[in-house]
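Structure first, commentary second.
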Amino acid sequence: MAGYDILPLLFLAGAGIVLFFIARSRGLVANNFGSVPAVKIETSFSDIGGQAAAIKELQEALSFIKNHSDIQKLGIRPLKGILLTGPPGTGKTLLAKAAASFTDASFLAASGSEFIEMYAGVGAQRVRKLFQSAREMSRRIGKNNSIIFIDEIEILGGKRGQTTGHLEYDQTLNELLVQMDGLKVDDSVRVLVVAATNRVDMLDPALLRPGRFDRQVKVELPDREGRLDILKIHTRNKPLADDVKLESLSRETFGFSGAHLESLANEAAILAMRESLDQVYYRHFHEAVDKVMMGERLDRRPSLQDLKRVAIHETGHAFVSEHIRGGSVSTLTITPRGQALGYMRQTPEDDTYLYTRDYLENQIAVMLAGAVAEELELGGRSTGAGNDYLQATSTADRIINSGMSELGVVDPETLPRSFRYRVQKKILQAQEERVRQFLLKKKRELAEVVEILLEQERISGQELRKILETAAA
Ligand code: ATP
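Reading the sequence shown from the start, the letters are residues 653 to 1125 in the working numbering.
Now the structure itself:
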């Protein structure tokens, strides 16, 4: 070794060992289940908004784990699995993480797709390894409980015998069942499997049998109050200007999931940063809603002729929307975004889950108003209305299928197509005519708004109402 200075090498090796032990003591070292990282949990139920019912149900189920000794005394079999079902981005992963901190458990996450391999036996081996890793990790960080979270369980736990190359899928699912059956109340590390899916109908019934996924917790899209809670959570760390009203924002975001709302708050802050402001204003949130709904603003600049057509089309939608429900227009714009050349955004009144025939017909009127405005102002329609027609026909179908059309109660499956077509056409034509008569009387105001829109690119609902009021006076 003479002539070589090995001190730097020794130093590096020492530093490596120290770092390894620090990481291990914090439970951060990647475990030996391939790509699945051991996650450090900092999520609690208070970080999850709008899911009070799901949280309550989950906490009740988890009390089985918390009161472990009582369960053992009474000879109750352990809870082995909880299935969270619901649309994407509603907080299922968050709930599983919060469940881990609630029960002081280690947390291991995997996704159903990670178990699917071409080679027979590999998936099953991974399932075994996952359970083994969960136990080892818990022991290493000194915990008695472990939560294994499997996202997209339908990929791994789909009905057996249905997939091509099904042997491999079946072996993987069988292994999961075997592992779950093997969980005992007196195991030194008690493992609970929390799985998530938005396709519960695809799951193999064996998974839902008692002793497997005993509890099903529904995680729905948040309602208005829920959206407000989530917005509060995701704006906690953001300096908000005085004009930001989270209540109005929660009203405007009907149908948004928790993930959408998180993205909305983030995008609004980015817009404020682009303007070098140190506070986020309401207009930033407003624009962020458009972005989350419609996609990124496009640089593409349509020709003046196209812009005029788009402006007429969107103003047509907006006029009919305001006529049907005053105050319903939130924004009118001809800025291209995502797939749309322009759009009119409505403010939902309140979360509505049941619709009357009048309501649906009014919706159809708004959908058809763009094309009718084009026809009245430019003498013909364009391909821009294609999507509106699709929506209008499916709304007409809804009227028919729910027994609200002249056909009365029907079986949608056996209803002859010609009947459906005739009634659909009648519903659409009636609304088209209604819209035509209304817009014919508004030609002057329409031209005025189109001109302003071409100049400003965007008109807020308030501005639009002011223009309409002045024109009417
Ligand atoms: P997927 O089904 O697509 O896996 P998921 O239901 O598991 O989605 P999460 O991964 O838990 O959804 O949510 C994604 C992100 O969205 C979270 O990290 C969080 O920022 C936000 N989010 C979703 N739901 C909520 C909620 N109820 N409260 C607060 N934030 C939420």
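We put the CB at the ideal spot given by N, CA and C, even for glycine.
Could you check the C-alpha separation between residue 673 and residue 1006 for me, to the nearest Å?
-> To locate residue 673, count along the sequence shown from 1; it is residue 21. To locate residue 1006, count along the sequence shown from 1; it is residue 354. Residue placement at residue 673 is flagged as unreliable, the pLDDT there being 47, under the threshold of 50; a coordinate-derived value is accordingly withheld.
When every heavy atom of the ligand ATP is checked, does at least one fall within less than 7 angstroms of the C-beta of residue 922?
-> On the sequence shown, position 270 is the one that residue 922 refers to. No, the Cβ of residue 922 stays beyond 7 angstroms of every heavy atom of the ligand ATP.
Cβ-based burial, residue 598 [other Cβ within 10 Å; buried from 16] | Because the chain in this structure spans residues 653 to 1125, residue 598 falls outside the shown range and cannot be described.
For residue 713 versus residue 731, is the C-beta distance shorter than 8 angstroms?
-> Indexing the sequence shown from 1 puts residue 713 at position 61. Indexing the sequence shown from 1 puts residue 731 at position 79. Taking 8 angstroms as the Cβ cut-off, residue 713 and residue 731 qualify as a contacting pair.
Helix or strand or just coil, what does DSSP make of residue 1004?
-> Position 352 of the sequence shown, counted from the start, is the residue given in the question as residue 1004. The answer is coil: DSSP assigns residue 1004 none of H, G, I, E or B.
Determine, using beta-carbon pairs with one atom in the region 884-894 and one in the region 917-924, whether at least three such pairs fall under 8 angstroms.
-> yes
Residue 998 versus residue 979 - alpha carbon distance = By 1-based counting over the sequence shown, the position of residue 998 is 346. By 1-based counting over the sequence shown, the position of residue 979 is 327. About 9 angstroms.
Nearest-angstrom Cβ-Cβ length linking residue 1009 and residue 1051, presumed shorter than 8 angstroms | For the purposes of this step, residue 1009 is taken as residue 357 along the sequence shown, with counting starting at 1. For the purposes of this step, residue 1051 is taken as residue 399 along the sequence shown, with counting starting at 1. About 6 angstroms; that satisfies the 8 angstroms criterion.
Are there 16 or more other CB atoms within 10 angstroms of the CB of residue 1094, so buried, or fewer, so exposed?
-> Here residue 1094 is taken as the residue at index 442 of the sequence shown, counted from 1. By the neighbour-count rule (16 or more Cβ atoms within 10 Å), residue 1094 is buried.
Cβ of residue 824 within 8 angstroms of Cβ of residue 779?
-> Locating residue 824 in the sequence shown gives position 172, counting from the first residue. Locating residue 779 in the sequence shown gives position 127, counting from the first residue. Result yes, Cβ atoms of residue 824 and residue 779 sit closer than 8 angstroms.
Buried or exposed: where does residue 878 fall if 16 or more other Cβ atoms within 10 Å of its Cβ makes it buried?
-> Within the sequence shown, residue 878 is the residue found at index 226, counting from 1. Buried is the call here.
Under a Cβ-count criterion, where at least 16 other Cβ atoms within 10 Å of its own Cβ denotes burial, should residue 1122 be classed as buried or exposed?
-> Here residue 1122 refers to the residue found at position 470 when the sequence shown is read from its first residue. By the 10 Å Cβ count, residue 1122 comes out exposed.
The region 794-805 in contact with the region 839-847 per 3-pair CB rule at 8 angstroms = yes
When you compare only the Cα positions, how much space is there between residue 1086 and residue 1070?
-> Counted from its first residue, the sequence shown places residue 1086 at position 434. Counted from its first residue, the sequence shown places residue 1070 at position 418. Answer to the nearest angstrom: the Cα atoms are 24 angstroms apart.
Beta-carbon proximity check, residue 937 vs residue 920, cutoff 8 angstroms = Taking the sequence shown and counting its residues from 1, one reaches residue 937 at position 285. Taking the sequence shown and counting its residues from 1, one reaches residue 920 at position 268. A contact, by the Cβ cut-off of 8 angstroms.
Closer than 7 angstroms by C-beta to residue 1161: which residues in its own chain qualify, once you throw out the five before and the five after it? Chain order, please.
-> Outside the shown range of the chain, which is 653 to 1125, sits residue 1161, and nothing can be said about it.
Between the Cα of residue 1015 and those of 1030, 1055, 1029, 971, spot the shortest distance and give me the residue it belongs to.
-> Along the sequence shown, one-based indexing puts residue 1015 at 363. Selected option, being the one with the closest Cα: 971.
If you measure from the CB of residue 857, is any heavy atom of the ligand ATP nearer than 7 angstroms?
-> Along the sequence shown, read from residue 1 onward, the residue named residue 857 stands at position 205. No.
Residue 1076, buried or exposed, once every other Cβ within 10 Å from all chains shown has been counted against 16 | Numbered from 1 along the sequence shown, position 424 holds the residue referred to as residue 1076. Buried is the call here.
Beta-carbon gap between residue 984 and residue 1025 smaller than 8 angstroms = The sequence position of residue 984 within the sequence shown is 332, counting from 1. The sequence position of residue 1025 within the sequence shown is 373, counting from 1. No. Outside cutoff.
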